[in-house]
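Peer 1: Position in the sequence shown counted from 1, then plus 728, gives you the working numbering.
Take this structure, written in structure tokens, and hold onto it; I'll ask about it next.
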Amino acid sequence: MGVSRRAVLRAAAALGGLGALGTRDPAAQELRDAPCGEHALPPGNDQPSLAALAARQNRFFGAAVKDPLFTDASFRDLVIKQCNILVCTYSMKWRSLEPEPGRFDFRLADRYVDFAEEHGMAFRGHTLVWQKATPPWLDDELSAKGFAVVERHIRAIAGHYAGRLRSWDVVNEAVWPEDGRADRLRSNVFLEALGPSYIEAAFAVAREADPTALLYYNANPAPYTGGQNREHFEGVIALLERLLGRGVPVQGVGLQSHLAAAHAEKFDEATLVWFYERASALGLEIMITELDVSDKGLPTDVALRDRLVARTYRRFLDVTLAFPAVKGVLSWGLSDRFTGHNRWARPDRWAVRALPYDHCMQPKLARREIAEAFLAHDLDR
Ligand code: XIL
729 MGVSRRAVLR AAAALGGLGA LGTRDPAAQE LRDAPCGEHA LPPGNDQPSL
779 AALAARQNRF FGAAVKDPLF TDASFRDLVI KQCNILVCTY SMKWRSLEPE
829 PGRFDFRLAD RYVDFAEEHG MAFRGHTLVW QKATPPWLDD ELSAKGFAVV
879 ERHIRAIAGH YAGRLRSWDV VNEAVWPEDG RADRLRSNVF LEALGPSYIE
929 AAFAVAREAD PTALLYYNAN PAPYTGGQNR EHFEGVIALL ERLLGRGVPV
979 QGVGLQSHLA AAHAEKFDEA TLVWFYERAS ALGLEIMITE LDVSDKGLPT
1029 DVALRDRLVA RTYRRFLDVT LAFPAVKGVL SWGLSDRFTG HNRWARPDRW
1079 AVRALPYDHC MQPKLARREI AEAFLAHDLD R
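Put into structure tokens, the structure is as follows:
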């Protein structure tokens, strides 16, 4: 009573609970959106496919996919046409694959890997060690048994898929300068139970369990100024230098790249370039692993949102694709119908339009700008 929605949002945002403007909304399907086709590119504007554009410069374009891949034919067809690499949104996370200690369930994840193989696509494993999407028993088990718990997990999973995945995100989001440690590592459940050596130990076990997958550290700084993002990028490079200096088998660095068009003016190009230069000099390959552009904080007007989102994609990719070490781009979802962003709805209750294809599987301006960015950076190799 008497407390406005805006006040609730403000209070929640102050507590850090909501991140971007929005509120948790399980009824995302009730959100408004533009009629099919109204803001789509004219027919034929999604050829050649993004996969073909990327492949001709020996790169990948792909997307994170979830279960509609198996139930929604229009989505499945779009994925088959546009992608040459896939990653699971959630089906390879700890909680999905090891629901009880030592009991593994590969049935769903296997369907994704089978699907990719059937359609000649590469696959990224995501992710072996991450403090989120963990099962409720993990903390106690780690305190009782130590690294053996992580080792069992990695051996079972990386072993199960050995030889079939292009790469594994062995460790995800382990740097977090905000936690105040000198090594800028995140004070997560693994660090607290095992100390900082859990990272190199995880890479060593992954290498044994799957001798062929490229082993990645997947990083989550935001490519904007403000906060501690510069320190975050530096912390990632420092971690990679430490690992490589000790002979740890790390071959790639992923940059998640969850962008927000409303913050586009804070884009810190210099830091991003610095990061790509340093990672390239370390001999690592780079992958953009989770690209999407939220339109939260922008006005309702769909045409305006689509333009600003598309521009944000383009600017980021123009900087990124200039680096030959960048082997590809995966968007976090492909169609707005299945973006995770609506779990925290826009305050105007219009659906978020964060991805290259709209909720009707039609290409948007963002799709055109992604294609143009690939075309503009054809590295001729
Ligand atoms: C997110 C998914 O999009 C959600 O559906 C899920 O509930 C939580 O995880 N960094 C990552 C991804 O590495 O795995 C996360 O994916 C988004 C942030």
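Don't be surprised by glycine CBs; every beta carbon is placed ideally from N, CA and C.
Values in this document were obtained by computation on a predicted structure and should not be read as measured data.
If you drop the 5 nearest sequence neighbours on each side, which residues of the same chain put their C-beta closer than 8 Å to that of Arg974?
Peer 2: Contacts found: Glu928.
Peer 1: According to DSSP, what are the bridge partners of Trp1078?
Peer 2: Arg760.
Peer 1: If you check the beta carbons only, do Arg780 and Val815 fall under 7 Å apart?
Peer 2: Reading off the sequence, residue 780 comes out as Ala, not Arg. Not in contact: Ala780 and Val815 (Cβ atoms no closer than 7 Å).
Peer 1: In the DSSP output, which residue or residues are listed as bridge partners for Leu814?
Peer 2: Partner(s): Ala791, Phe851.
Peer 1: Give me whichever residues DSSP pairs with Met1015 in a beta bridge.
Peer 2: Met1015 is bridged to Gly982, Gly1056.
Peer 1: Do Asp1020 and Trp1060 count as a contact pair if the criterion is CB distance below 7 Å?
Peer 2: Contact: yes.
Peer 1: Going by the C-beta, is Asn957 closer than 6 Å to any heavy atom of the ligand XIL?
Peer 2: No, since every heavy atom of the ligand XIL falls outside the 6 Å radius drawn around the Cβ of Asn957.
Peer 1: For Val964 versus Val903, is the C-beta spacing smaller than 7 Å?
Peer 2: In contact: Val964 and Val903 (Cβ atoms closer than 7 Å).
Peer 1: Check whether the Cβ of Gly853 lies closer than 6 Å to any heavy atom of the ligand XIL, and answer yes or no.
Peer 2: False, no ligand heavy atom lies under 6 Å from that Cβ.
Peer 1: Given that a residue counts as buried once 16 or more other Cβ atoms are within 10 Å of its Cβ, and exposed if not, what is Asn812?
Peer 2: Classification of Asn812: buried, given that the 10 Å Cβ count is 16 or more.
Peer 1: Given the structure, does Thr817 come close to the ligand XIL, in the sense that its CB is under 6 Å from one of the ligand's heavy atoms?
Peer 2: Yes, the Cβ of Thr817 comes within 6 Å of a heavy atom of the ligand XIL.
Peer 1: Looking at the ligand XIL, does it come within less than 6 Å of Asn900, judged from the CB to the closest heavy atom?
Peer 2: Answer for Asn900: yes, Cβ within range of the ligand XIL.
Peer 1: Just to confirm, is the Cβ distance from Asn957 to Ala950 under 7 Å?
Peer 2: Result yes, Cβ atoms of Asn957 and Ala950 sit closer than 7 Å.
Peer 1: Got a sec? Which residues, its chain only, sit under 7 Å from Asp833 by beta carbon, not counting five neighbours each side?
Peer 2: The answer, listed in chain order, is Leu825, Pro827.
Peer 1: Among all the DSSP beta bridges, which residues are the ones paired with Glu828?
Peer 2: According to DSSP, Glu828 bridges with Arg831.
Peer 1: Is it true that the CB of Asp1029 sits closer than 7 Å to the CB of Val1080?
Peer 2: Result no, Cβ atoms of Val1080 and Asp1029 do not sit closer than 7 Å.
Peer 1: Would you call the CB atoms of Phe1003 and Phe1051 closer than 7 Å?
Peer 2: No, they are not a contact pair.
Peer 1: Tell me the DSSP secondary structure of Val1021 in three-state form.
Peer 2: Correct three-state label for Val1021: strand.
Peer 1: Rounded to a whole number of angstroms, what is the C-alpha to C-alpha distance between Met1089 and Arg909?
Peer 2: Whole-angstrom Cα-Cα distance: 45 Å.
Peer 1: Using only the alpha-carbon positions, how far apart do Leu942 and His767 sit?
Peer 2: Roughly 39 Å separates the two Cα atoms.
Peer 1: Where does Ala947 sit, in a helix, a strand or coil, going by DSSP?
Peer 2: Note: Ala947 maps to strand in three-state DSSP.
Peer 1: Going by C-alpha to C-alpha distance, which of Phe995, Thr1040, Leu1103 sits closest to His1094?
Peer 2: The amino acid occupying residue 1094 in the given sequence is Ala; His does not appear at that position. The shortest Cα separation from Ala1094 among Phe995, Thr1040, Leu1103 belongs to Thr1040.
Peer 1: How about Arg852: is its C-beta nearer than 7 Å to some C-beta of chain C?
Peer 2: Chain labels in this structure do not include chain C; a single protein chain is all it has.
Peer 1: On the criterion of 16 or more Cβ atoms from any shown chain inside 10 Å, does Trp865 qualify as buried, or is it exposed?
Peer 2: With fewer than 16 other Cβ atoms within 10 Å, it is exposed.
Peer 1: Using DSSP's beta-bridge definition, name the partner residues of Val899.
Peer 2: DSSP, once it has assigned bridges, lists Val857, Tyr945 as partnering Val899.
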